[in-house]
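Engineer:
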Amino acid sequence: MKAFTFVRARSAEEAAKTLGDSKTGLLHSGGCDLLDRMKERVAEPDMLVSLCDAEGLSDIRLEEDGSIWVGARATLARLAEASLVQRFLPTLSEAAALAASPQLRHRATIGGNLAQHTRCGYYRHKSFPCLKRGGDSCPVRAEGGVQEMAGIFDNETCASAHPSSIAPVLGSLDAELVIRNADGRQAFVPSFESLWASPKKGRASDLALAAGDVIEAVRIPARDTKQFVGYAEIRQRKAFDWALVSCAVRYEMDADGKIAQASVWYGSVAPTPWRAGAAESALRGKACTDETARTAAEQALADATPLAGTTYKVQLAKVALKRALAAARERA
Amino acid sequence: MPRTVTYKVGLVGHDKHKQDVPAVEQDLTVEIHEMDAEPWGREDTFRHVGHEVPRVDGAVKATGAAKYTYDINRPGLLVAGLVYSPHAHADIVSVDAGKAQGMAGVVAVKTFARGSAKYPGKIVAAICAESEQVLADALEAVEVTYKVKPGPAVTEDAMKDDAVVVDPRRKTNVGQPRRGPLVRGKPDDAFEGAEVVVQATYRTPIQTHSCLEPHGCVCEIHADGTATVWASTQATSFFANQQLTSALGLPRNKVRVITQHMGGGFGSKFSALEWDVLCAEFARETKRPVRMMLSRRLEHLVGGNRPDSIQALRLAGSKDGTIAALQGEVWGTSGNSSGGGAGAANFGVYTLPHLSMLQHGVATFSAKGRAFRAPRHPQGFYALESIIERYAYAAGVDALAVRLKNDKHPIRQVQWRIGAERIGWGKNRRKQPGSDKGPVKRGVGCASGRWGAAGRHTVGRNQLVFDVVVDKEGGVAFQNGVQDIGTGTRTVIAIIAAEELGLQPGDIDVRIGDTTYPPGPGSGGSTTAPSIGAAVRNGALRVKESLAGLLALQWGVDEAQLSWKDGVCHGPGDKQASFRSACSLIGEDGLRVQGRRMRNFQSAYGETAGCQFAQVAVDTETGVITVENVVAVHDCGRIIDTMTARSQVNGGVIQGISYALYEEKQTDRNLGDMVNPTFDTYRILGMQDCPPIDVVLTSVVSGYNNTGMMGLGEPATVPTAGAIANAVYNAIGVQVTDLPMTPARVLEALERRQG
Ligand SMILES: Cc1cc2nc3c(=O)[nH]c(=O)nc-3n(C[C@H](O)[C@H](O)[C@H](O)COP(=O)(O)OP(=O)(O)OC[C@H]3O[C@@H](n4cnc5c(N)ncnc54)[C@H](O)[C@@H]3O)c2cc1C
Numbered sequence: 009m010k011a012f013t014f015v016r017a018r019s020a021e022e023a024a025k026t027l028g029d030s031k032t033g034l035l036h037s038g039g040c041d042l043l044d045r046m047k048e049r050v051a052e053p054d055m056l057v058s059l060c061d062a063e064g065l066s067d068i069r070l071e072e073d074g075s076i077w078v079g080a081r082a083t084l085a086r087l088a089e090a091s092l093v094q095r096f097l098p099t100l101s102e103a104a105a106l107a108a109s110p111q112l113r114h115r116a117t118i119g120g121n122l123a124q125h126t127r128c129g130y131y132r133h134k135s136f137p138c139l140k141r142g143g144d145s146c147p148v149r150a151e152g153g154v155q156e157m158a159g160i161f162d163n164e165t166c167a168s169a170h171p172s173s174i175a176p177v178l179g180s181l182d183a184e185l186v187i188r189n190a191d192g193r194q195a196f197v198p199s200f201e202s203l204w205a206s207p208k209k210g211r212a213s214d215l216a217l218a219a220g221d222v223i224e225a226v227r228i229p230a231r232d233t234k235q236f237v238g239y240a241e242i243r244q245r246k247a248f249d250w251a252l253v254s255c256a257v258r259y260e261m262d263a264d265g266k267i268a269q270a271s272v273w274y275g276s277v278a279p280t281p282w283r284a285g286a287a288e289s290a291l292r293g294k295a296c297t298d299e300t301a302r303t304a305a306e307q308a309l310a311d312a313t314p315l316a317g318t319t320y321k322v323q324l325a326k327v328a329l330k331r332a333l334a335a336a337r338e339r340a
Numbered sequence: 132m133p134r135t136v137t138y139k140v141g142l143v144g145h146d147k148h149k150q151d152v153p154a155v156e157q158d159l160t161v162e163i164h165e166m167d168a169e170p171w172g173r174e175d176t177f178r179h180v181g182h183e184v185p186r187v188d189g190a191v192k193a194t195g196a197a198k199y200t201y202d203i204n205r206p207g208l209l210v211a212g213l214v215y216s217p218h219a220h221a222d223i224v225s226v227d228a229g230k231a232q233g234m235a236g237v238v239a240v241k242t243f244a245r246g247s248a249k250y251p252g253k254i255v256a257a258i259c260a261e262s263e264q265v266l267a268d269a270l271e272a273v274e275v276t277y278k279v280k281p282g283p284a285v286t287e288d289a290m291k292d293d294a295v296v297v298d299p300r301r302k303t304n305v306g307q308p309r310r311g312p313l314v315r316g317k318p319d320d321a322f323e324g325a326e327v328v329v330q331a332t333y334r335t336p337i338q339t340h341s342c343l344e345p346h347g348c349v350c351e352i353h354a355d356g357t358a359t360v361w362a363s364t365q366a367t368s369f370f371a372n373q374q375l376t377s378a379l380g381l382p383r384n385k386v387r388v389i390t391q392h393m394g395g396g397f398g399s400k401f402s403a404l405e406w407d408v409l410c411a412e413f414a415r416e417t418k419r420p421v422r423m424m425l426s427r428r429l430e431h432l433v434g435g436n437r438p439d440s441i442q443a444l445r446l447a448g449s450k451d452g453t454i455a456a457l458q459g460e461v462w463g464t465s466g467n468s469s470g471g472g473a474g475a476a477n478f479g480v481y482t483l484p485h486l487s488m489l490q491h492g493v494a495t496f497s498a499k500g501r502a503f504r505a506p507r508h509p510q511g512f513y514a515l516e517s518i519i520e521r522y523a524y525a526a527g528v529d530a531l532a533v534r535l536k537n538d539k540h541p542i543r544q545v546q547w548r549i550g551a552e553r554i555g556w557g558k559n560r561r562k563q564p565g566s567d568k569g570p571v572k573r574g575v576g577c578a579s580g581r582w583g584a585a586g587r588h589t590v591g592r593n594q595l596v597f598d599v600v601v602d603k604e605g606g607v608a609f610q611n612g613v614q615d616i617g618t619g620t621r622t623v624i625a626i627i628a629a630e631e632l633g634l635q636p637g638d639i640d641v642r643i644g645d646t647t648y649p650p651g652p653g654s655g656g657s658t659t660a661p662s663i664g665a666a667v668r669n670g671a672l673r674v675k676e677s678l679a680g681l682l683a684l685q686w687g688v689d690e691a692q693l694s695w696k697d698g699v700c701h702g703p704g705d706k707q708a709s710f711r712s713a714c715s716l717i718g719e720d721g722l723r724v725q726g727r728r729m730r731n732f733q734s735a736y737g738e739t740a741g742c743q744f745a746q747v748a749v750d751t752e753t754g755v756i757t758v759e760n761v762v763a764v765h766d767c768g769r770i771i772d773t774m775t776a777r778s779q780v781n782g783g784v785i786q787g788i789s790y791a792l793y794e795e796k797q798t799d800r801n802l803g804d805m806v807n808p809t810f811d812t813y814r815i816l817g818m819q820d821c822p823p824i825d826v827v828l829t830s831v832v833s834g835y836n837n838t839g840m841m842g843l844g845e846p847a848t849v850p851t852a853g854a855i856a857n858a859v860y861n862a863i864g865v866q867v868t869d870l871p872m873t874p875a876r877v878l879e880a881l882e883r884r885q886g
């Protein structure tokens, strides 16, 4: 990797300021994603601003208004094990417990997990051309490209897939991002959807944040009504691997036992975590039955644009949604 | 004077329940050399041999004290690395290393700016630097200009009529065997009149060796004009080849090669290779020790691989389950040298009266394949066992019955039955494949394996010998250059020596992995243990003879009156001496003898046998396969250590499952480069996906040498993929004809069945 200066920030505020003053500085948290990219020289920051010693960033706490605050440095292992998360956010705990491997889960943080870059082999090795790294087109899309891990939505310009299996859960829970700006202010990203940006030539990050922005925490809002939540993922290997497809759902029921409102999010199907609006509409006003699930799954994938090598993901995504809905029903 | 000995050989039993194996035995009469020990027969009993002995170097490995080549650090060590072409086919226009050369800490630079690069990983520059950090920056600073040319990187593209040819002297990339197809009997006629004919085309991927320790070495030239090379190699005795010694500028006898521990080779690490030679050149030029180990990416690209295969097979048989004929054509690439190494051993084990097999090596713009644990076998057996499975269903005969009927090996006949019982064939085999209710469907399958490795009495042109050094305190050292590549070589030596001398394995000082000692055999072809075992025994025997000589003098009796039993030497009357007390008669300078490996005997058990059974669960909605259980029944001649033998089988099965389900070198067909050269993208079976592996070791006294040992490292990985594929077929009712059986391929097969 290229030489860089290493700065330990004491707080998110300090981190944001330091970062703002740097030229090509990057945040460092668990390092699980970042160091891989630096070793391959896909990332060549002049400075790393580490959050490892920052105070108060790994809290997981119940706020007075009933919302849950998860500090950006909370590790996946803690998300999996913390009783607060297990009790109030079971799908988040499940997804965290299934991710990566025990060693990685003890290192990987939720902030870094959201900001991690795609695992696309073309993006991760400089010898390949890549749109995200400034190339003219995405070689994965070409006939003869290795497409197995590519996305099936929003893949016209870049066929990468966002690897986080935590993000779809947070999306389904309408999580809010608490951001610290370079000028020291705290800001909220009000909708999970607005956190993400589709791929563009030369832009590596999938977040719609400014360069100096630090994710300080994730806030999951409190709800008055009973929530039905389910998570399902399909992975080839149980450990040290990413899900091929992950899916998180949340819904509320009305007095007649019909779904009043639903939220459906996918991981690993598009360059960003993917909200399946069509499935949400299909669920609204229906009883949560197998039939409803089947229809919603068909709707969710109706607009998919799989490449020759990713047609299987369409099937996986349908199954994942059905299983997530079944899990939600079962839990209730 | 040769002696003639008659003794019992055959199946001794197996480690799970010794009582109820059928007697497979025979009297064997062999002529043996006067220097050779009386062979251990079927009925001999032992204190260590065949028991559970923990590996003697287990503790140093577990604690990290064991030094691998990568761990070698010398005063003033420099590190070296490589710049390589990422293109399948390109002309190297220029290599500008000026910037690198000028960097502080860069000690030496070499560039290779000529000619064309015909595989990704082709070296274009090498740099030697003071530290890994400087080296990485310097490698990055080298500017190479390529003129990229078209060139097929994968087999199917290289087979096309209009494909660019790798070797301009040839018209096509598809090689033709000089002798044409292998033909036996009258295959055409057999197909003509057959009751049942099945056909299918099977594909297997390129699998990289993925050694945890990459290739490489540390070279140091000493002030006295000798050199030491610490190498990650499977053969200390032939690592220092002519290229390496001339790069060092030294005659071979001044070059010492050391391999104390090795982090995986699987057939890919023998003689010094291109990068080792560069390392040696740097050591000579800089007059400092230099380490050059491949990066993970280069290891995947050029460290070696198992060639892929496309196997179009046709099998004919009758309705009663008798196989009549096999016909096939095979294509596979062993990289940019056309031919060499590709091919599939897809016609073994079963009686095939009529056979026609044509195999083509296909040249591609990719790096060479290398010998890989049972070369040509896992791919061949996967396809052979798959086509037999098809035939069994088509004929309506139980798949196990088909195997029992057409397999004449007496040991495997026993093994099939043991395996079937342990996997619960009667209960778990689905009579109607794919008949389970619900989305998750289970099934079982089986496949055969074979090997034959009785070892050798030579290393190159030399006889294989162990030096044995005994001192007056009773310390015993067995010395030979042979390396322990993780298989348990040290432990096997210690056990056999301890058995003969009446000591504990831990008492034996095993000094190996060093060319200071007599040349050791290369660890290939699963021949190491059977080669060295017999020499170790003879060495122990010579020690006992020498000690008996000393005791005879001491006691004033004739040497012929003395005999050893369980480590105690008995003389006339009730004279006796323990090994240790006998050693006290040795002089200050110690006792030195040699254990010589004699020729193999002639025996009936020319092949070791094996078979495996697997049970899988297939999620038919997602295509995800879970291997739930594997039963592996293997013979490796006489078992010396049940624990390390079991460990070899475990490793073979794990590598086999990984081959069946996950591993695949994925190449972009336009750019020609591998897109998954890392361990998170090149998937290998991990512990959480590893099923229970029920290893059954059928100990067979092979009669080939004085221990009865045969090899085991390779055969254990031969049947696995076939057994899993057949279990999947049994579970879902359709055959997945491509490895690895990824969710995408399983779903595709299921769709084919419905559609
Ligand atoms: C083998 C393997 C398997 C894996 N499997 C899974 C899986 O199943 N599911 C899954 O979800 N993930 C998986 N991962 C990914 C892993 O969870 C992420 O790499 C990890 O969560 C990243 O967190 P980190 O703290 O290490 O981030 P870092 O590597 O430190 O940082 C990652 C990126 O985020 C930025 N960053 C870090 N913190 C912040 C912050 N507070 N605000 C803004 N930007 C920030 C960094 O600048 C960097 O660009 C796997 C990883 C590996 C290696």
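Taken in order, these protein sequences are the chains called Y and Z.
Add 8 to a position in the first sequence, counting from 1, and you land on the number used in this note's numbering.
Add 131 to a position in the second sequence, counting from 1, and you land on the number used in this note's numbering.
Glycine included, each C-beta is placed from N, C-alpha and C at the ideal position.
Everything numeric in this text was worked out from a predicted model, so none of it was measured.
Sort out for me which residues DSSP pairs K139 (chain Z) with in a bridge.
Structural biologist: Against the second sequence, residue 139 (chain Z) aligns to sequence position 8. In the DSSP output, where bridge partners are listed per residue, K139 (chain Z) has Z:D158.
Engineer: Out of Y:G64, Y:S37, Y:P176, state which residue places its alpha-carbon closest to the alpha-carbon of V253 (chain Y).
Structural biologist: To locate residue 253 (chain Y), count along the first sequence from 1; it is residue 245. The candidate whose alpha carbon is nearest that of V253 (chain Y) is Y:P176.
Engineer: Does the distance between the C-beta of T117 (chain Y) and the nearest non-hydrogen atom of ligand 1 fall short of 8 Å?
Structural biologist: For the purposes of this step, residue 117 (chain Y) is taken as the residue at position 109 of the first sequence. It does: the Cβ of T117 (chain Y) is within 8 Å (strictly closer) of some heavy atom of ligand 1.
Engineer: May I have the straight-line CA-CA distance separating D124 (chain Y) from A378 (chain Z), to the nearest angstrom?
Structural biologist: Residue numbering aside, residue 124 (chain Y) sits at position 116 when the first sequence is read from its first letter. Residue numbering aside, residue 378 (chain Z) sits at position 247 when the second sequence is read from its first letter. It is Gln, not Asp, that sits at residue 124 (chain Y) in the sequence shown. For Q124 (chain Y) and A378 (chain Z), the distance between alpha carbons rounds to 46 Å.
Engineer: For a minimum of 4 consecutive residues, which ranges assigned as the alpha helix (DSSP H) are wholly contained in the segment 77-148 of chain Y?
Structural biologist: 84-89, 91-96, 98-106, 110-113, 118-123, 129-132
Engineer: Examine chain A for any beta-carbon lying closer than 9 Å to the beta-carbon of Y793 (chain Z), and answer yes or no.
Structural biologist: No chain A appears in the structure shown, which is made up of the protein chains Y and Z.
Engineer: Taking DSSP's pairing of strands, which residues face L56 (chain Y) in a bridge?
Structural biologist: As a first step, residue 56 (chain Y) must be located in the first sequence, where it is residue number 48. Bridge partners of L56 (chain Y): Y:F14, Y:L34.
Engineer: Relative to the alpha-carbon of Q157 (chain Z), which residue among Z:E174, Z:D146, Z:E165 has its alpha-carbon at the smallest distance?
Structural biologist: The residue given as residue 157 (chain Z) occupies position 26 in the second sequence. Closest option to Q157 (chain Z), Cα to Cα, is Z:E174.
Engineer: What is the DSSP secondary structure of F236 (chain Y), reduced to helix, strand or coil?
Structural biologist: Residue 236 (chain Y) sits at position 228 when you count from the first residue of the first sequence. Secondary structure at F236 (chain Y): strand, using DSSP grouped into helix, strand and coil.
Engineer: Who are D750 (chain Z)'s beta bridge partners in DSSP?
Structural biologist: Here residue 750 (chain Z) corresponds to residue number 619 of the second sequence, with the count starting at 1. DSSP, once it has assigned bridges, lists Z:V571, Z:V755 as partnering D750 (chain Z).
Engineer: Across which residues does DSSP place Y199 (chain Z) in a beta bridge pair?
Structural biologist: Locating residue 199 (chain Z) in the second sequence gives position 68, where the first residue counts as 1. DSSP, once it has assigned bridges, lists Z:H392 as partnering Y199 (chain Z).
Engineer: If you drop the 5 nearest sequence neighbours on each side, which residues of the same chain put their C-beta closer than 8 Å to that of K249 (chain Z)?
Structural biologist: Taking the second sequence and counting its residues from 1, the one referred to as residue 249 (chain Z) is at position 118. Here the set comprises A219, H220, G282, V297, N467, F496.
Engineer: Could you work out which residue in Z:H392, Z:I454, Z:V349 is closest to E412 (chain Z) when comparing CA atoms only?
Structural biologist: Residue numbering aside, residue 412 (chain Z) sits at position 281 when the second sequence is read from its first letter. Checked all of Z:H392, Z:I454, Z:V349; the closest Cα to E412 (chain Z) is Z:V349.
Engineer: Helix, strand or coil: which one does DSSP assign to V272 (chain Y)?
Structural biologist: Taking the first sequence and counting its residues from 1, one reaches residue 272 (chain Y) at position 264. Strand.
Engineer: Any heavy atom of ligand 1 within a distance shorter than 8 Å of the CB on V222 (chain Y)?
Structural biologist: The residue given as residue 222 (chain Y) occupies position 214 in the first sequence. Checking every heavy atom of ligand 1 against the Cβ of V222 (chain Y), one is found closer than 8 Å.
Engineer: Just tell me which of Y:C40, Y:M261, Y:K31 has its CA closest to the CA of Q111 (chain Y).
Structural biologist: Position 103 of the first sequence, counted from the start, is the residue given in the question as residue 111 (chain Y). Out of Y:C40, Y:M261, Y:K31, Y:C40 has the C-alpha closest to the C-alpha of Q111 (chain Y).
Engineer: Since L209 (chain Z) and E263 (chain Z) should fall inside the 8 Å C-beta cutoff, what is the C-beta to C-beta distance between them, to a whole number of angstroms?
Structural biologist: Position 78 of the second sequence, counted from the first residue, corresponds to residue 209 (chain Z). Position 132 of the second sequence, counted from the first residue, corresponds to residue 263 (chain Z). Wrong, their Cβ atoms sit about 10 Å apart, outside the cutoff.
Engineer: I'd like to check one pair, V161 (chain Z) with Q733 (chain Z): are the Cβ atoms closer than 9 Å?
Structural biologist: Within the second sequence, numbered from 1, the residue matching residue 733 (chain Z) stands at position 602. Within the second sequence, numbered from 1, the residue matching residue 161 (chain Z) stands at position 30. Their beta carbons are under 9 Å apart, which means Q733 (chain Z) touches V161 (chain Z) by this criterion.
Engineer: Answer yes if the segment 167-175 of chain Y comes into contact with the segment 261-281 of chain Y, meaning at least three C-beta pairs across the two stretches below 8 Å, and no otherwise.
Structural biologist: Result yes; three or more Cβ-Cβ pairs closer than 8 Å.
Engineer: Identify whether N163 (chain Y) lies in helix, strand or coil by the three-state DSSP scheme.
Structural biologist: Here residue 163 (chain Y) refers to the residue found at position 155 when the first sequence is read from its first residue. N163 (chain Y): coil per DSSP, three-state reduction.
Engineer: What whole-angstrom Cβ distance do S180 (chain Y) and A251 (chain Y) have, given they're in contact under 8 Å?
Structural biologist: Mapped onto the first sequence, residue 180 (chain Y) falls at position 172. Mapped onto the first sequence, residue 251 (chain Y) falls at position 243. Going by Cβ atoms, the distance from S180 (chain Y) to A251 (chain Y) rounds to 15 Å, so no, they are not a contact pair.
Engineer: Would S709 (chain Z) and V699 (chain Z) qualify as a contact pair, given that the criterion is a beta-carbon distance under 9 Å?
Structural biologist: Here residue 709 (chain Z) refers to the residue found at position 578 when the second sequence is read from its first residue. Here residue 699 (chain Z) refers to the residue found at position 568 when the second sequence is read from its first residue. Against a cut-off of 9 Å, the Cβ pair of V699 (chain Z) and S709 (chain Z) comes out as a contact.
Engineer: Taking 8 Å as the cut-off, is the beta-carbon of P509 (chain Z) closer than that to any non-hydrogen atom of ligand 1?
Structural biologist: Here residue 509 (chain Z) corresponds to residue number 378 of the second sequence, with the count starting at 1. False, no ligand heavy atom lies under 8 Å from that Cβ.
Engineer: Ordered along the chain, which non-local residues of its own chain (more than five positions away) have a Cβ less than 7 Å from that of S789 (chain Z)?
Structural biologist: Start at 1 with the first residue of the second sequence, and residue 789 (chain Z) comes out as number 658. Only I815, L816 meet the Cβ criterion.
Engineer: Could you give the DSSP three-state label for D44 (chain Y): helix, strand or coil?
Structural biologist: Numbered from its first residue, the first sequence carries residue 44 (chain Y) at position 36. Three-state result, D44 (chain Y): helix.
Engineer: Going along chain Z, which residues have a C-beta under 9 Å from K31 (chain Y)?
Structural biologist: Position 23 of the first sequence, counted from the start, is the residue given in the question as residue 31 (chain Y). Residues of chain Z passing the Cβ test: none, with the nearest at roughly 19 Å.
Engineer: Which residues mark the beginning and the end of the beta strand (DSSP E) in which S225 (chain Z) is found?
Structural biologist: As a first step, residue 225 (chain Z) must be located in the second sequence, where it is residue number 94. Run containing S225 (chain Z): 221-227, per the beta strand (DSSP E) assignment.
Engineer: Which residue marks the beginning of the beta strand (DSSP E) containing E260 (chain Y), and which one marks its end?
Structural biologist: Numbered from its first residue, the first sequence carries residue 260 (chain Y) at position 252. 253-261 is the span of the beta strand (DSSP E), which, as asked, contains E260 (chain Y).
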